[in-house]
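Numbering (this note's numbering), first residue to last: 211 to 788.
Following: one structure in structure tokens, then a few remarks.
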Amino acid sequence: MPVHNADIAKVFDEIADLLEIQEANPFRVRAYRNAARILGDLSLDIAQTLADEKPLPKLPGIGEDLANKIHEIAETGTTALLERLHRELPPAITELLRIPGIGPKRVRHLYHDLKVQTLGELQRAAKEGRIREVPGFGEKSEANILAAVEARLTKKKRFKLAVAAQYAEPLAAHLRKAQGVRDVVVAGSFRRMKETVGDIDILVTAETPEAVMQRFAAYPEVRDMTASGTTRASAVLACGLQVDIRVVAKESFGAALHYFTGSKAHNIAVRRLGQERGLKVNEYGVFDRDARGEKRIAGDTEESVFAAVGLPWIPPELREDAGEIEAARRGELPKLVELGDLRGDLHAHTKATDGRNTLQEMADAAKARGFEYLAITEHSRGEAMAHGLDPRRLAKQVDEIERLNATLEGIALLKGIEVDILEDGTLDLPDSILAKLDLVVGAVHSKLGLTRARQTERILKAMDSPYFTILAHPSGRLIDERDPYDVDMLRIVRKAKAVGVALELNAHPARLDLFDTHCRMAKEEGVPVAVSSDAHSTHDFEHLRLGIGQARRGWLEAKDVLNTRPLADLLDWLKKRG
DNA sequence: GCCGTTTTCGGCCCGACTGTTTTCAGTCG
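Below, the structure is given as structure tokens:
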């Protein structure tokens, strides 16, 4: 069994959970959690690196002890510490921590007093009224636990960004109508453009918080108010999405926006910077502790908060404590790509296969967005369900595009294909027809379960075709539905560099594929990324907003994105490949 | 467990809300 970074991260998270239940030093617990997060974000394949007998890079937060444990886990899948903890506590007990309202202390009580080890046992204890007997618990806790366990057993956890937006934006609009409101901003992981969000965080500034809270409580979609104070409230919407809302005074807007945007790790790092300067950073502002009492020195804008700790403003998409603070300090923050930088789109379908609009309609919609070009990339014949094109039908579409291009003004259609990469790494259409196209987008759509070695070789071989220009949705994952296929992404990125191929960042809401970490890898290796809509209708160009968010999370600048180039430059790049 | 132009020891981010308490621990974000 290959050990992936995520597996190592999981071991560290589990160690952190178990240590916490044992009431270990909280900073030791944090060290394990921090390490798990760092490994989760790391694009370098650790087990592979060690197998190649290369040294691990020095990572901040990973010292000698954790580095040794990483070696141990990479080799054996586990570590002596975890095995020891498993002998001391039942392994299933960590699932109790996933219940809102239950933390390590209460798990400890439930286990010692009631011998509860699993969610099922917790549910039974609650139903039998035994939880209220435990010190520190009462009837209310018992009822909340029962409800939470039952919700946990039925509902799923995270929402895709695009889905969350459909709930968050109308709610924000509703709150904007409250009396005395100044700002309403959706913050949290939503603002950081994470591909999925666990809840919605809304920040409000207003003269009278009460009016906002009342309007929130009156929102028709609120199913359950789980907490409500004078400045802070939480609710679950009918769709199951949790919403947290926070009202602050306008002079605290910037500090609260920063605090509420996160990430948590980023906030901790910023507060630590403040601390080094004798400053206290919280959601109300930045305070100088030297003066008698405390003196507020910043907080009305995010810029002022960053400036107080000696940093330029950092875009939300970078705020993961994944190097952005160091880059900001050095004045080397990337100038992130923006939606308006895109000059065209390199992946779209029409009615000829599984799209819903005609060539003309797609061209018009692309032009209306201000694009200079749009590549038509239908499925190839292997995709029978999508009515994929065989050489004859593709040749016919090529003719149609050429005829249409002669009549179009201000927009050029590029002749392309989304060709299947077959199991043996050959392409689903003959070179004779591929040679007639402007670009060839290669995609894996079948045999997703190949071993890492075979899947990687398959893709590497496909990229050897002189006609291959862009690797579509390189991981194949569907968010929350299908895991990525097992490939060595670093080898693929390096191959792309060697043969002059680009990688696609497919902006479809269910895909968002490249991952952010692989965007960074592509950038570091000098491989251009095409941010593509995979549009199946004229409305789907909207997906690009999400794709750009993901690209920004991957530190990409306009120069790193293939389709920010003007048409003439793009055609040059394509020709070099051909 | 990590880390160091103050330190190799002694620090490690900060505040709101809930429930069960009679002044605060636990949990969460």
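Heads up, the beta-carbon is just placed ideally off N, CA and C, and yes, glycines get one too.
Quantities reported herein were computed from a predicted structural model and do not represent experimental measurements.
Query: Out of Glu-230, Trp-765 and Ala-284, state which residue places its alpha-carbon closest to the alpha-carbon of Ala-538.; Result: Trp-765
Query: Rounded to whole angstroms, what's the CA-CA distance from His-753 to Arg-392? Just pull it up for me.; Result: 30 Å
Query: Let me confirm a value: Pro-419 is counted as buried when at least 16 other C-beta atoms fall within 10 Å, else exposed. Which label applies?; Result: buried
Query: Measure the beta-carbon distance from Leu-467 to Val-395 and round it to whole angstroms, keeping in mind my assumption that it falls under 8 Å.; Result: 6 Å
Query: Using the Cα positions of Ala-532 and Asp-409, report the straight-line distance between them to the nearest angstrom.; Result: 22 Å
Query: What do you get for Gln-607, buried or exposed, if any count of 16 or more other CB atoms within 10 angstroms of its CB means buried?; Result: buried
Query: Enumerate, from N- to C-terminal direction, the unbroken alpha helix (DSSP H) stretches of 4 or more residues contained entirely within the stretch 376-451.; Result: 398-401 and 419-427
Query: Whose CA, out of Asp-411, Met-423, Lys-315 and Asp-434, lies closest to the CA of Ala-357?; Result: Asp-434
Query: Could you pull out every unbroken alpha helix (DSSP H) segment of at least 4 residues lying fully inside the stretch 521-568, listed in chain order?; Result: 534-539
Query: Measure from the alpha carbon of Leu-252 to the alpha carbon of each residue in Pro-236, Ala-216, Ala-241 and Lys-264, then state which is nearest.; Result: Ala-216
Query: Spell out the partners DSSP gives Arg-591 in its beta bridges.; Result: In DSSP, Arg-591 forms no bridge with anything.
Query: Compute the beta-carbon to beta-carbon distance between Leu-584 and Ile-621, rounded to the nearest angstrom, for a pair I have assumed lies under 8 Å.; Result: 7 Å
Query: Please confirm whether Leu-632 and Asp-648 have their CB atoms less than 8 Å apart.; Result: no
Query: DSSP state of Leu-623, grouped into three classes?; Result: strand
Query: Please determine if the stretch 560-578 and the stretch 513-521 are in contact, where contact requires at least 3 C-beta pairs separated by less than 8 Å.; Result: no
Query: Shortest alpha-carbon distance to Gly-736 belongs to which of Lys-387, Ala-428, Glu-461 and Val-771?; Result: Val-771
Query: Return the first residue and the last residue of the alpha helix (DSSP H) that Lys-490 is part of.; Result: From DSSP, Lys-490 is part of no alpha helix (DSSP H) but of the beta strand (DSSP E) over 489-492.
Query: Taking just the CA atoms, how far does Val-741 sit from Glu-536?; Result: 27 Å
Query: Quick one: which unbroken alpha helix (DSSP H) runs of 4-plus residues sit fully inside the stretch 235-284? Chain order, please.; Result: 236-251 and 256-261
Query: Gly-484 and Val-496: beta carbons closer than 8 Å?; Result: yes
Query: Let's test the definition: count the other Cβ atoms within 10 Å of the Cβ of Ser-803 and tell me whether it reaches 16, buried, or not, exposed.; Result: One cannot answer for residue 803 here, as it falls past the ends of the chain, which runs 211 to 788.
Query: Are there 16 or more other CB atoms within 10 angstroms of the CB of Lys-387, so buried, or fewer, so exposed?; Result: exposed
Query: I'd like the list of long-range same chain contacts for Arg-529, defined as Cβ closer than 7 Å, with 5 residues on each side in sequence excluded.; Result: Arg-402, Thr-471, Gly-472, Ser-473 and His-476
Query: Note down the Cα distance separating Val-446 from Asp-638, rounded to an integer number of angstroms.; Result: 48 Å
Query: From this set, Arg-602, Gly-598, Tyr-321 and Thr-727, which residue's C-alpha is nearest Glu-527's C-alpha?; Result: Thr-727
Query: Under the three-state reduction of DSSP, which class applies to Val-344: helix, strand or coil?; Result: coil
Query: By how many angstroms is the C-alpha of Thr-679 removed from the C-alpha of Leu-784?; Result: 7 Å
Query: Since Val-221 contacts Leu-229 with CB under 8 Å, what's their CB separation in whole angstroms?; Result: About 12 Å; that fails the 8 Å criterion.
Query: Buried or exposed, going by whether 16 or more other CB atoms sit within 10 Å of the CB of Pro-205?; Result: Examination of residue 205 is not possible in this model, given that the chain is present from 211 through 788 alone.
Query: Return yes when the Cβ of Val-711 is within less than 8 Å of the Cβ of Gly-686, no when it is not.; Result: no
Query: From Met-595, Ala-558 and Gly-439, pick the residue whose C-alpha is nearest to that of Val-650; which is it?; Result: Ala-558
Query: Just to confirm, is the Cβ distance from Arg-482 to Lys-490 under 8 Å?; Result: no
Query: Between Lys-370 and Pro-719, is the Cβ-Cβ spacing less than 8 Å?; Result: yes
Query: Measuring alpha carbon to alpha carbon, tell me which of Glu-593, Arg-318, Lys-786 and Thr-286 ends up nearest Tyr-677.; Result: Lys-786
Query: Any idea if Lys-325 is buried or exposed, counting beta-carbon neighbours within 10 angstroms, 16 or more meaning buried?; Result: exposed
Query: Reducing DSSP to helix, strand and coil, say where Val-709 ends up.; Result: helix
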